[in-house]
């Protein structure tokens, strides 16, 4: 039996980074990964469902969305399954914090506050866009707008960080940088029975304490098991599709399968009387989709 929850599941990730009692963990994680000049003093979580500008546009739903004392925005996403257009998705999500900074009236001169997007991927990005070997094997990428001729950063207020977990292979004894310790924790936590000596101090010890399966309440255990099952089912669907070689329509089929699984999970959780906010967190369905599901079953 696993001692710690899997942070790569929806429940596990949000338990570790998106609750009030885990806010210090998130601050330390962002400080290490983003290589910020100064520690983050305070964070405020923002509702993770962002409404679009028009009724025909798609809603943006983040795993973690927060702001600090000076208004900087931080988006953190855990993407479990491979996505062809993951770069487009992350770029699209970063547009909401930009648009929300627009101020009415004539006094605003388009000055923006920095936005950081961290995408943790449980798959490797395709290497077709990578020309150098060291880039192909890099497990963390820092992306900003640059002057392609001068090879210098052109705009530093929009930063994307991609962490590719499959490419990370360091052993505990090689964990000298805080960012590597965080990546090791995210990748290997559910496989560990004991905390490695390199992760036995703050803030990592607090992360392991929060992630103890034995510390989950009965309600949290149901949510975690549901989230874990959804992750396993999605992986099984993707593996089956690849094995059978169904390239045509495979991505759409997997997407539909996940959506159907999410709806079945939501129905089961609704029958248990769980709140819609919790169900939305676990299944990834929007509150609007849950409302439609409730109406369809009445």
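Numbering (the numbering used here), first residue to last: 1 to 298.
No residue lacks a Cβ here, since even glycine has one placed at the ideal position from N, Cα and C.
Per the C-alpha coordinates, the member of 12, 96, 122 and 194 positioned closest to residue 116 is 96. For residue 186, the enclosing alpha helix (DSSP H) starts and ends at 178-188. With a contact defined as Cβ atoms closer than 8 angstroms, residue 158 and residue 145 qualify at about 6 angstroms. Looking at the backbone, the Cα of residue 222 and that of residue 17 are separated by about 19 angstroms. Shown here for residue 186: same chain residues with a beta carbon closer than 6 angstroms to its own, the five before and five after excluded, namely 7 in chain order. DSSP places residue 28 within a helical segment (H, G or I) once states are collapsed to three.
Proximity of the stretch 195-214 to the stretch 18-26 meets the contact definition, three or more beta-carbon pairs being nearer than 8 angstroms. In the three-state reduction of the DSSP assignment, residue 121 falls in the strand class. Listed in chain order, the non-local C-beta contacts of residue 12 below 6 angstroms within the same chain comprise 5 and 6, local neighbours out to five positions each way being set aside.
Here residue 99 carries a helix assignment [DSSP, helix/strand/coil]. Going by DSSP, residue 164 is part of the beta strand (DSSP E) stretching over 152-164. The C-beta distance from residue 121 to residue 164 rounds to 5 angstroms, short enough to meet the 8 angstroms contact threshold.
Ranking 98, 93, 46 and 42 by CA distance to the CA of residue 69 puts 42 first. Annotated three-state conformation of residue 276 is helix, per DSSP. Ranking 141, 39, 161 and 32 by CA distance to the CA of residue 75 puts 161 first. The secondary-structure analysis by DSSP pairs residue 75 across a beta bridge with 65 and 117. Classified as exposed, residue 260 has fewer than 16 neighbouring CB atoms from the shown chains inside 10 Å of its CB.
Per DSSP, the beta bridge partners of residue 45 are 66. Residue 103 and residue 214 have their alpha carbons spaced roughly 48 angstroms apart. Residue 155 and residue 83 have their C-alpha atoms spaced approximately 27 angstroms apart. For the 9 angstroms CB-CB criterion, residue 265 and residue 278 do not form a contact. Nearest C-alpha to residue 71 among 3, 111 and 35: 111.
Taking C-alpha positions only, residue 33 is separated from residue 101 by approximately 24 angstroms. DSSP places residue 216 in the coil class of the three-state scheme, outside both helix and strand. Here residue 40 has 27, 30, 31 and 68 as same chain residues with Cβ atoms under 7 angstroms from its own Cβ, once five neighbours each way along the sequence are excluded. Linking residue 81 to residue 258 through their CA atoms gives a straight-line distance of about 11 angstroms.
It is roughly 20 angstroms from the alpha-carbon of residue 37 to the alpha-carbon of residue 202.
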